[in-house]
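A quick write-up on the structure given underneath.
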Amino acid sequence: MPYRTSQRVRTIYSVIASSNRLDILRILNAKGPLSYSELKTLAGFKSKKESGKFAYHLRKLVKQLLVTLNRSERRYTVTNLGRLILNLTRQIEEQSVIESGKIYVRTSKEMMEEFKPDKILQALVKEAGMPVDLAQKMTSEAEARLYKFQTSYLTAPLIREIVNALLIEHGYEEYRHKLTRIGLPIHDVTQMLKQSTRSDNGVSSLVTQTSKEVFSEYLLLNQLSRDVTDAHLSGDIHISNLGVWGLKPDTIFVNLSSLPTQGIKVKGKLLSSVQISKAENFSDGIMNIVLLTTELSKEINIEIAYNNFIEYIISFLDNKTLTSSKENIIQMFKMISQVVSDDSNPCVSINLTVQKNLKIDEKQLSKLYKLILESYESYIQTVAIPKITLIIPQIDSQNTELSKKIFGIIKKGGYIAINTDPKNNFSYTGINKSIVKNNASGNIVLHAVAINLPRLAYESNKDDTYFRAKVNLILKTAISALATRREIIDDMIGKGLLPLLNINTGIISNQKIPLIINLTGLDEAIDSLLGTKATTKERGKLAGKIVDTAMEEITNSSKKLGEEFGLSSIADDSAKRFTNIDIEKFGKARVIIKSESKEYQQSIILNLEEQEKIEEVYAYMNKFKGGRSIYLDSSNSTIKNFLEITAKVAKKMTFFKYYCKLKVCISCAAKNVYNTEKCSNCNSTSLQEYPIR
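Residue numbering for the sequence shown follows this note's numbering, beginning at 168 and increasing consecutively.
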């Protein structure tokens, strides 16, 4: 006996035979629960005359249980049966399309559309800028090739690939370049999911990494000039953090003492964020720094550097509140650390240097330093790897209490830098804001471009004159990259995509933006040019000549372009990449590697006994006006020689940091001494080196 369709099924098919009723189902499926009036408007029944028609169609759907009414909320929603009907309808539509014999395209908008050659023509003219006649010719050829495929449907990316292949065949590389689609292959995304580890910041790090890959391609293919892109890809220069390089500035200096007394007015921006209002007391003042960090962390890439912290907090403190404020500062450190905990977020430095015009007696200042250092010590014991750093003035060695406190913090993994000259304004990374004069408000700084000095040395065959000429040539490329970046970031701010920077409250200035170029591998370049047997004096003299020559080029470009360019020698992610690329190009035997990390040197790490090395570094390091990164290795030091070497170095260098070798357990997050093989807390062997910041 043949199967007979039930009356219920026939009725359902009858109901969905109406395009109006199918539209109502699709709207509810896409939008979720809707009121009667909302659904009526979206379905296109806008006039009063059509109210009866709409009510009729809706009743039909409700009667067959394709739509249901939530009477308490007075909202209609699609049922599971309704969703099943929609899925079957979509499958029927797609199959009918396939069997029609025509070519159909599955678009990026998740729709099946009939193939229209005109869309190729439009893309060639609009996106690639191709003349219409030539575009018509290429469209016809692409159409002919597509019709040869024996496939049920095409995809938009596949059509673009075929058109791009045709452009390459005909020698139209520039048009193909403009038509390139950026994104990740399925294999790459699969590998990213497989390779994510426990040390990553969960799903957010995967999302961030994926988006960065897209913006990296966009930067190299579309925003930078061809010579800059080629220089980066070949390893002559390195652009750090490609994924956000064209989106966010690197470092910002914020003068806390210039925070407006009435708070920060965001003028209709950041509507879902807590407003930064006028601080009435110490607790409010501390919380405002946390709130400000929360917003700035979305708009800054590498470091938020807070200046004049002491001047800011003393306006809220007196002798009574001083002792009770420690817990507030600890909580501030913890909350800021949580805000910037993701690897993609910037670090935060707090500068405790005091300007000479600040009226405060030494006893009160000493109490404040002690309070902040004790708070910081408590904070670093709650986190495996701190993202907050301190910059302090040189403490009098006679103040043994503070000196011991600093020494103890360093041994426990705290990050502390010394700034001996209040006129200089360094971030913890080593970037020097002071190359821009007479600017009291906060400054944005752009850097993250490095030059591969060892490669230039290998190619110069020990001729330092030729080497310095090559440095000047590649400097022009790096200068071009940063000048382009300045325009890109200005555009981002102007469009309001960096809302806090766009508001320009008076604590942030984007009028004078220093542009800093980093020199990587100066030590290895000197070894290549002079040989390893050169004296300290010879090495220092050549290093000085190299930096002076580069500074001449930088100064000329600053005058010509009206920008503030500077040179730096700080740690970034260029050293490892340069080393690996040069090993591939020149072979291991020729590439000079001196550091324990098996990569070119950037930061200078001084051992306490290396007096000659200190003299050599002093001969040229202070010439890096844009920034420098010098560490004193205190891993094996006692409090006595720690104070002695600090005093010696401070006489010659205005800014330096401390470094203590440690290991951190990725099983329990405990810090361990460097020479251990097992965690002292959980006996795990899963230890990694404590990072140098």
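The C-beta atom is built at its ideal place from N, Cα and C for all residues, glycine as well.
Apart from sequence neighbours up to five positions away, the residues of its chain that approach Y787 with a beta-carbon distance below 7 Å are G707, A710, G711 and V714, ordered along the chain. In this structure, A472 is the residue among S383, I496 and A472 with its C-alpha nearest to the C-alpha of T418. Counting only runs that start and end inside the segment 759-829, the beta strand (DSSP E) elements of at least 3 residues fall at 771-774, 797-800 and 822-826. Per DSSP, V245 lies in no alpha helix (DSSP H) segment; the continuous beta strand (DSSP E) that holds it begins and ends at R242 to V245. When Cβ pairs closer than 8 Å are counted between the two stretches, the segment 822-835 is seen not to touch the segment 618-631, the count staying below three. With fewer than 16 neighbouring CB atoms inside 10 Å of its own CB, T843 falls in the exposed class. According to the DSSP assignment, H344 belongs to no beta strand (DSSP E) but to the alpha helix (DSSP H) extending over E340 to L346. Here the C-alpha atom of V421 lies approximately 7 Å from the C-alpha atom of I675.
Residue state for H337 is assigned as coil, using DSSP reduced to three classes. No Cβ-Cβ contact shorter than 8 Å links V395 with S464.
Within the segment 361-443, the complete alpha helix (DSSP H) segments at least 4 residues long are 369-385, 393-401 and 409-412, listed from N- to C-terminus. Y543 sits buried, since 16 or more C-beta atoms from the chains shown fall within 10 Å of its C-beta.
Listed in chain order, the non-local C-beta contacts of E730 below 6 Å within the same chain comprise L682, local neighbours out to five positions each way being set aside. For W412 against A615, the beta-carbon gap comes to about 6 Å, under 8 Å, which counts as contact. The continuous beta strand (DSSP E) containing L734 extends over residues E731 to S736.
When DSSP states are grouped into helix, strand and coil, E280 belongs to the strand group. The Cβ atoms of L686 and S736 sit closer than 8 Å to each other. With a cutoff of 8 Å on beta-carbon distance, A648 and L391 are scored as near each other.
In the displayed model, N850 falls within coil according to three-state DSSP, outside both helix and strand. With distances taken between CA atoms, K815 lies nearest to T587 out of K679, N723, I670 and T587.
For the 8 Å CB-CB criterion, S741 and A617 form a contact. C-alpha of K700 to C-alpha of M297: approximately 60 Å in a straight line.
When only Cα atoms are considered, I602 and K792 end up about 7 Å apart. Beta bridge pairing from DSSP links N610 with F420 and S676. For E541, the three-state secondary structure derived from DSSP is helix. Only residues of its own chain outside the window of five on either side were considered, and among them A302, Q303 and T306 have a CB closer than 7 Å to the CB of L288, listed in chain order. Restricting attention to beta strand (DSSP E) runs no shorter than 3 residues, the segment 652-728 encloses them at 681-687, ordered along the chain. By the criterion of at least three beta-carbon pairs nearer than 8 Å, the segment 376-390 is not in contact with the segment 436-444. Distance check between Q769 and each of K207, A756 and V784 places V784 closest, using alpha-carbon atoms only. The shortest C-alpha to C-alpha distance from I517 to any of I456, S511, I562 and K571 is the one to I456. CA-CA distance, S492 to L532, rounds to 15 Å. By the beta-carbon neighbour count (other beta carbons within 10 angstroms, threshold 16), P324 is exposed.
Residue range Q174 to I183 is occupied by the alpha helix (DSSP H) that includes V176. Taking the Cα positions, L225 is about 60 Å away from N495. Within its own chain, the residues whose Cβ lies closer than 8 Å to the Cβ of T821, once the five positions on either side in sequence are excluded, are N586, T587, D588, N591 and N789, listed in chain order. Using a Cβ distance threshold of 8 Å, S834 and I759 do not count as a contacting pair.
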